[in-house]
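In our numbering, the protein residues as written are 552 to 669.
Set out below in structure tokens:
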């Protein structure tokens, strides 16, 4: 499904957050970055990609907007301990199709990412 470009400029409600020092340290640890400035303390800074953590919920809101035509489909619950596999395939000249499945092939999420000009 192609993106609906007539919705260019559509805004979604803002998400406001306060950066938590422990979350910063956990993010750095999860990515294997042990730089001392990411540790909790008075000189702490966040890793450069840390703001993606806050952008992801907004991406999910946009992805669920049927008017926008992003093309994500959620078909199953995911639980701690689940074994999942994601495969991306070239869909056509303009994009990629991806599916996340459980062993046996049941689809948890499927979507299409399309390249577009600016």
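Cβ coordinates follow ideal geometry from the N, Cα and C atoms, glycine included.
Just so you know, these numbers come straight off a predicted model, no measurement behind them.
In whole angstroms, what separates the C-alpha of residue 647 from that of residue 591?
-> Using only the alpha carbons, I get a separation of about 39 Å.
Enumerate in chain order the residues of its own chain whose CB-to-CB distance from residue 659 is below 7 Å, with the five nearest sequence positions on each side excluded.
-> Taking C-beta separations shorter than 7 Å and ignoring five residues to either side along the sequence, the partners of residue 659 in its chain run 626, 627, 629, 635, 651, 652 and 653, following chain order.
Would a check of beta-carbon distances place residue 650 closer than 9 Å to chain B?
-> In the structure shown, chain B cannot be found, because there is only a single protein chain.
Can you grab the Cα-Cα spacing for the pair residue 577 / residue 557, in whole Å?
-> Going by C-alpha positions, residue 577 is about 40 Å away from residue 557.
In terms of residue numbering, what span does the alpha helix (DSSP H) encompassing residue 614 cover?
-> Note, residue 614: alpha helix (DSSP H), 603-614.
Going by other Cβ atoms of all chains shown within 10 Å of its Cβ, with 16 needed for buried, is residue 639 buried or exposed?
-> Only exposed fits residue 639, as fewer than 16 other CB atoms lie within 10 angstroms of its CB.
Once you ignore the five residues that flank residue 642 on each side, which residues in its own chain have a CB closer than 7 Å to its CB?
-> Closer than 7 Å at the Cβ level, and outside the excluded window around residue 642, lie 648 and 663.
When the distance is taken between beta carbons, is residue 598 closer than 9 Å to residue 579?
-> A contact, by the Cβ cut-off of 9 Å.
Could you name the residues that DSSP lists as bridge partners for residue 727?
-> Residue 727 cannot be examined here, being either before or after the span of the chain that is shown, 552 to 669.
CB-CB under 8 Å to residue 573, same chain, minus the five flanking residues each way: which ones, in chain order?
-> Around residue 573: 591.
Does DSSP put residue 580 in a helix, in a strand, or in coil?
-> Secondary structure at residue 580: helix, using DSSP grouped into helix, strand and coil.
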